[in-house]
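J.: Residue numbers (this note's numbering): 654 to 1059. Note that the Cβ used here is the ideal one computed from N, Cα and C, for glycine as well.
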Amino acid sequence: MSFDIEQLRGDFPILHQQVYDRPLAYLDNAATTQKPKAVIDAVRHYYERDNANVHRGVHALSERATAAYEAAREKLRALVNAASSHEIIFTRGATEAINLVASSWGNTHIGAGDEVLVSEMEHHSDIVPWQMLCERVGATLKVLPINDAGELCMEQLDDLLNERTKLVGIVHLSNALGTINPVADIITKAHAVGARVLVDGAQAVAHMAVDVQALDCDFYVTSAHKMYGPTGIGLLYGKETLLEVMPPYQGGGDMITMVTFEETQYNELPYKFEAGTPNIAGTIGFGAAVDWLNDNGIANIAAHEQSLLAYAIGQAEAFDGLRIIGTAASKATVLSFTLQGVHPHDLGTILDREGIAIRAGHHCAMPVMQHFGVPATARASFAAYNTKAEIDALFEALGRARDLFA
Ligand code: 7TS
654 MSFDIEQLRG DFPILHQQVY DRPLAYLDNA ATTQKPKAVI DAVRHYYERD NANVHRGVHA
714 LSERATAAYE AAREKLRALV NAASSHEIIF TRGATEAINL VASSWGNTHI GAGDEVLVSE
774 MEHHSDIVPW QMLCERVGAT LKVLPINDAG ELCMEQLDDL LNERTKLVGI VHLSNALGTI
834 NPVADIITKA HAVGARVLVD GAQAVAHMAV DVQALDCDFY VTSAHKMYGP TGIGLLYGKE
894 TLLEVMPPYQ GGGDMITMVT FEETQYNELP YKFEAGTPNI AGTIGFGAAV DWLNDNGIAN
954 IAAHEQSLLA YAIGQAEAFD GLRIIGTAAS KATVLSFTLQ GVHPHDLGTI LDREGIAIRA
1014 GHHCAMPVMQ HFGVPATARA SFAAYNTKAE IDALFEALGR ARDLFA
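1) Starting from the Cα of I1011, find the closest Cα among A792, T910 and L988 and give me that residue.
2) From P666, D801 and A736, pick the residue whose C-alpha is nearest to that of P1020; which is it?
3) Is there contact here, the segment 865 to 878 with the segment 924 to 931, by at least three beta-carbon pairs under 8 Å?
4) Using a Cβ-Cβ cutoff of less than 8 Å, which residues in the same chain neighbour L851 once the five nearest sequence positions on both sides are dropped?
5) By the 10 Å Cβ neighbour count, where 16 or more other Cβ atoms means buried, how is A725 classified, buried or exposed?
6) Since A735 and D944 should fall inside the 8 Å C-beta cutoff, what is the C-beta to C-beta distance between them, to a whole number of angstroms?
7) Can you determine whether any heavy atom of the ligand 7TS sits closer than 7 Å to the C-beta of T748, and answer yes or no?
8) Can you check whether the CB of L680 is closer than 8 Å to the CB of E1043?
9) Using a Cβ-based criterion (distance less than 7 Å to any ligand heavy atom), does C787 qualify as near the ligand 7TS?
10) Hey, how far is the Cα of A684 from the Cα of Y881?
11) Tell me whether the segment 976 to 990 and the segment 1019 to 1035 touch, counting them as touching only if at least three CB pairs, one residue from each stretch, are closer than 8 Å.
12) In angstroms with no decimal places, state the Cα-to-Cα distance between H776 and A1036.
13) Going by the C-beta, is N834 closer than 7 Å to any heavy atom of the ligand 7TS?
14) One question on the structure: do R662 and G1008 come within less than 8 Å of each other, judged by their Cβ atoms?
15) Would you say the beta carbon of R1012 comes nearer than 7 Å to a heavy atom of the ligand 7TS?
16) Output yes or no for whether 8 Å exceeds the beta carbon distance between I951 and M861.
17) Excluding five sequence neighbours on each side, which residues of the same chain lie with their C-beta closer than 8 Å to the C-beta of G791?
18) I believe S757 touches Y902 by the beta-carbon criterion, under 8 Å. Please report the beta-carbon distance rounded to the nearest angstrom.
19) Given 8 Å as the limit, is there contact between the segment 887 to 896 and the segment 699 to 718, that is, 3 or more CB pairs closer than that?
20) When DSSP builds the beta bridges, which residues end up paired with P676?
21) Is the beta carbon of Q856 within less than 7 Å of some heavy atom of the ligand 7TS?
22) Using CA coordinates, which residue listed in E749, H957, T793 and T748 is at the minimum distance from V769?
23) Rounding to the nearest angstrom, what Cα-Cα distance links T884 and Y673 in this structure?
24) Taking Cβ positions, are Y699 and A721 nearer each other than 8 Å?
25) Can you tell which of M785, T1040 and C806 has the C-alpha that lies nearest to the C-alpha of S957?
26) E808: buried (16+ other C-beta within 10 angstroms of its C-beta) or exposed?
27) Excluding sequence positions up to five away, which residues of its chain have a Cβ less than 6 Å from the Cβ of H1015?
28) Compare the Cα-Cα distances from G1052 to each of F665, R730, F972 and T832 and report the closest residue.
29) For the beta strand (DSSP E) containing Q903, list its first residue and its last residue.
30) For D838, which of G935, C806 and S960 has the nearest alpha-carbon?
31) Considering only heavy atoms of the ligand 7TS, does any lie closer than 7 Å to the CB of V852?
32) For G746, which option in R789, D657 and T936 has the closest C-alpha, if you only look at C-alpha atoms?
33) Quick one: Cα of H669 to Cα of I693, how far?
34) Which same chain residues, not among the five before or five after L895, have their C-beta less than 8 Å away from its C-beta?
35) By a C-beta neighbour count over all protein chains shown, 10 Å radius and 16 as the cutoff for buried, is D658 buried or exposed?
36) The beta strand (DSSP E) that contains E723, what's its start and end?
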């Protein structure tokens, strides 16, 4: 296992291009990461040689497609250290995984008078499905606030948890702030009152080692496209005992063992939750992304990204008129900020003309913007292939933007 940044950048064809005649600096990795050649090749290989439907054919191509699809499941199981591949459900992404739990588990386990607790820093996809569930069943959505550093107010957790709390939804690594949350502590406390915990790991899995058994979380979700894999594919981990008794989320092919007009018997896990022809190519690409992560080492990637983040924060703190949004003691990969006198969207546009891709907006975390009293932030987010030279380019461009608006 080695970590050579130049060699690693060579894995990503897309990085080697000019945008507006400037070398691309792709700093929008929290939105989606770029894909290494190994992932692109795995998808292409599938379409060129193995394309067939899974779990149903008797022919060679279908057997190969099924083997590759199920091999990806095993890679994901090992990556998050799930006890069984039955606990690995492929979904369209983190969003669909949360909606699956809110519908299937939520409808059968949460009722009138119950409470769902989420944090103030959740992505909309870990707020809205719970809000919709609460409206459906007459439950109440409670909120664990954040402080002005963008950290959870953990001292309020005990007061918010009680015997009515049935589920806690908590983001592992915040996309808007970069905060890494103490999810293990939250899980222990939630379990003490009998609540289940869903961890939103959409941002976490590519940036830190995740062990669902060590965390003891009940559900864990992520998206492949934020971890060097394809779009349209993601993961729901759930404890087998929970998944076993949950009703299907969608009905259709593959999720049944027997259908008559009177009655349908559902398939075993994980197929009960994978109705219809799945995203086979995406899943195989997801597996290749896991291989790529393992080959480079999550610990190596995390160390590299931490040094980039520290470097960027150092420049940001010295930059006149720049306000960092999210200064948690424990954070990773995200630098969210505002610049006095320049709207974040204008900043995004100016930086784009210099080949620097960042995101400007509310980052699907409007309550975070409301907390900090800003309409939007500019956000640079780092991945394994970013360099200090790209961060220098970012701050040089920010300097020119500041001068322009002065
Ligand atoms: N949860 C978190 C913490 C996220 O950052 C995102 C996407 C999601 C859930 C939803 O993931 P999806 O793959 O199902 O869409 N976050 C972002 C972002 O920060 N910029 O674009 C998408």
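T.: Taking the geometry as given:
1) Looking at the Cα atoms, L988 is the closest of the given residues.
2) Residue D801 is the option with its Cα nearest to P1020.
3) Because the criterion of three Cβ pairs below 8 Å is not met, the segment 865 to 878 and the segment 924 to 931 do not touch.
4) Result list for L851: I751, V754, D779, L820, V821, G822, I823, C870, D871, F872, Y873 and V874, in chain order.
5) Buried, because 16 or more other Cβ atoms sit within 10 Å of the Cβ of A725.
6) For A735 against D944, the beta-carbon gap comes to about 17 Å, at or over 8 Å, which does not count as contact.
7) Within 7 Å of the C-beta of T748 there is at least one heavy atom belonging to the ligand 7TS.
8) Closer than 8 Å, so yes.
9) No, since every heavy atom of the ligand 7TS falls outside the 7 Å radius drawn around the Cβ of C787.
10) When rounded, the distance between both Cα atoms is 11 Å.
11) Touching, per the Cβ criterion.
12) H776 and A1036: Cα-Cα distance of roughly 20 Å.
13) Answer for N834: no, Cβ out of range of the ligand 7TS.
14) Taking 8 Å as the Cβ cut-off, R662 and G1008 do not qualify as a contacting pair.
15) Relative to the non-hydrogen atoms of the ligand 7TS, the Cβ of R1012 comes within a distance shorter than 7 Å of at least one.
16) Taking C-beta atoms as the reference points, I951 and M861 count as a pair closer than 8 Å.
17) Non-local C-beta neighbours of G791 in its own chain, meaning closer than 8 Å and more than five positions away in sequence, comprise G764, A765 and G766, ordered along the chain.
18) That pair is a contact at about 5 Å.
19) In short, these stretches do not touch, since the Cβ pair count stays below three.
20) P676 pairs with Q671.
21) For the ligand 7TS, a non-hydrogen atom lies closer than 7 Å to the CB of Q856.
22) V769 has its Cα closest to that of T793, out of E749, H957, T793 and T748.
23) Near 26 Å, if we compare the C-alpha coordinates of Y673 and T884.
24) Contact flag set, yes.
25) Sequence inspection shows His at residue 957; the Ser mentioned does not correspond to that position. The alpha carbon of H957 has as its nearest neighbour, out of M785, T1040 and C806, the alpha carbon of T1040.
26) Under this definition E808 is an exposed residue.
27) Correct list, in chain order: M1022 and A1029.
28) Taking only the C-alpha atoms, the option nearest G1052 is F972.
29) Neither: Q903 is in no beta strand (DSSP E) and is coded neither H nor E.
30) With distances taken between Cα atoms, D838 lies closest to C806.
31) Checking the Cβ of V852 against the ligand 7TS gives no.
32) Scanning R789, D657 and T936 for the CA closest to the CA of G746 turns up T936.
33) Annotation: H669 to I693 spans about 16 Å, alpha carbon to alpha carbon.
34) In the same chain as L895, and ignoring 5 residues on each side of it, the C-beta atoms closer than 8 Å to its own belong to W758, R849, D871 and F872, in chain order.
35) Per the sequence shown, the amino acid found at residue 658 is Ile instead of Asp. Exposed: under 16 other Cβ atoms inside 10 Å.
36) Careful: E723 lies outside any beta strand (DSSP E), inside the alpha helix (DSSP H) at A713 to V733.
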